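Peer 1:
In UniProt numbering, the protein residues as written are 1 to 396.
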């Protein structure tokens, strides 16, 4: 979807991020204090990244209720090369927008874990051991979107981030905290920006059917509460990852029959009319598109290019595996190897820092453009995100 890029600002809530109870988890001499984001440090060989494997999925309905099934999965319908879709249609009278002020944290992912423990737990190490001795097979549990932010960090110049991390039963859980800058921008969006956000969802409606072989219903209501999410496992160097991300649709005609290879990511962008616009597209937008789809193993992006009036004038397909070749001719462009090496190093940094296994403790990692990644430690604070219902159930 189209995103307004704001002027770079400093976070105004630094004092709020100081440790609430740093003495509960004192830093040791062996713990690093900061992590550099300097790109040259990550100009190394591409790290090992195992092909992601889908081990589950879930759906969220029109009221954000969780279902451990694929009822919200939609199916890709190929469009004409110049479809003339009107993305403004329905914005005033057929649009139900999710309440972004409600922070769901990792809750839906945690619900999936509780309903699929047999897929994610290690077997008891000793025959006859109780179920309480089990732990998840994974070093990290998070959302795909959080990992996308980490991947793009070495090239980000405008938007910082806050990531809360809790170590519980040997697994590190990562959940995003909204920055003050992001909150202000969300609350102060212009009417034009709000409508342009809708355009991305409307494009999905034009491109998707509810049933295999069906036709899109562009006259229906766009409800952004609804979602279908894949759950994948993979490994980045020595980090075993479990994460979930929303999927736009499945292509039943894809030669890759199994997920995530059969999934398609749908995007919209302003039509490219000048060399400067082409360069900007390659350097900025394509980076985030690539990171978002590469992580879960979605092989293809279908993009609708629109004019200023909100009509899709062309549709283009991007193969994720070919994007690195597309950007090679662009001077000083982003490099996938830098993104992945930084992500691997950041996850190692988390492992070295977050050593207190306690669901009440949060390690808050903070980053602002042109600065190092730093962290603070908080106990029983506003940043705690593992709910009691999950902690208690996992102890059983």
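C-beta atoms are modelled at their ideal positions from N, C-alpha and C, and glycine is treated no differently. Remember, predicted model here, so these are calculated numbers, not experimental data.
1. Among 175, 135 and 138, which residue has its Cα nearest to the Cα of residue 384?
2. Note down the Cα distance separating residue 10 from residue 181, rounded to an integer number of angstroms.
3. Quick one, are the C-beta atoms of residue 225 and residue 60 less than 8 Å apart?
4. By how many angstroms is the C-alpha of residue 331 removed from the C-alpha of residue 323?
5. For residue 234, which of helix, strand or coil comes out of DSSP?
6. Is the stretch 144-159 close to the stretch 334-341, with three or more CB pairs under 8 Å?
7. Near residue 76, which residues of its chain fall below 7 Å by C-beta distance, leaving aside the five closest residues on each side in sequence?
8. Got a sec? Which residues, its chain only, sit under 6 Å from residue 62 by beta carbon, not counting five neighbours each side?
9. In terms of DSSP beta bridges, what is residue 112 paired with?
10. Check the C-beta distance from residue 369 over to residue 160 and give it rounded, since I have them as a contact under 8 Å.
11. Under 7 Å Cβ to Cβ from residue 22, same chain only, skipping five residues before and after it: list those, please.
12. Quick check on this structure: which residue in 305, 146 and 283 has the alpha carbon closest to the alpha carbon of residue 296?
13. Around the Cβ of residue 128, are there at least 16 other Cβ atoms within 10 angstroms (buried) or fewer (exposed)?
14. For the putative contact between residue 137 and residue 55, defined by C-beta atoms under 8 Å, what is the C-beta separation to the nearest angstrom?
15. Closer than 8 Å by C-beta to residue 44: which residues in its own chain qualify, once you throw out the five before and the five after it? Chain order, please.
16. Between the alpha carbons of residue 41 and residue 83, how many angstroms are there, rounded?
17. Compute the Euclidean distance between the alpha carbons of residue 307 and residue 93, then round it to the nearest angstrom.
18. Around the C-beta of residue 179, are 16 or more other C-beta atoms found within 10 angstroms, so that it is buried, or is it exposed?
19. Look at the alpha carbon of residue 389 and the alpha carbon of residue 139, and state the distance between them as a whole number of angstroms.
20. Under a three-way DSSP split, which group does residue 366 fall into?
21. Between which two residues does the beta strand (DSSP E) carrying residue 267 extend?
22. Just to confirm the assignment, what range does the beta strand (DSSP E) spanning residue 313 have?
23. Taking all protein chains shown into account, do 16 or more other C-beta atoms lie within 10 angstroms of the C-beta of residue 354, making it buried, or fewer, making it exposed?
Peer 2: According to the structure data:
1. Considering only alpha carbons, the answer is 175.
2. Reliability fails at residue 10, whose pLDDT of 39 lies under 50, so the model's placement of it is uncertain and no value is given.
3. In contact: residue 225 and residue 60 (Cβ atoms closer than 8 Å).
4. When rounded, the separation of the alpha-carbon atoms in residue 323 and residue 331 is 15 Å.
5. In this structure, residue 234 counts as strand in the three-state DSSP scheme.
6. yes
7. Around residue 76: 207, 208, 249, 250, 251 and 264.
8. 223, 225 and 226
9. The partner list for residue 112 (beta bridge, DSSP) is empty, contrary to what the question assumes.
10. 6 Å
11. Any answer about residue 22 is weak, because its pLDDT of 44 lies below 50 and its placement is not dependable; what the coordinates show is given next. Cβ neighbours of residue 22 beyond the five flanking positions: 377.
12. 146
13. The pLDDT assigned to residue 128 is 49, lower than 50, so where the model puts this residue is not dependable, and the model offers no usable value.
14. The Cβ separation is near 10 Å, so there is no contact.
15. 337 and 341
16. 45 Å
17. 22 Å
18. With 16 or more other Cβ atoms within 10 Å, it is buried.
19. 21 Å
20. strand
21. For residue 267, the enclosing beta strand (DSSP E) starts and ends at 263-270.
22. 312-319
23. Its Cβ being crowded by 16 or more others within 10 Å, residue 354 is buried.
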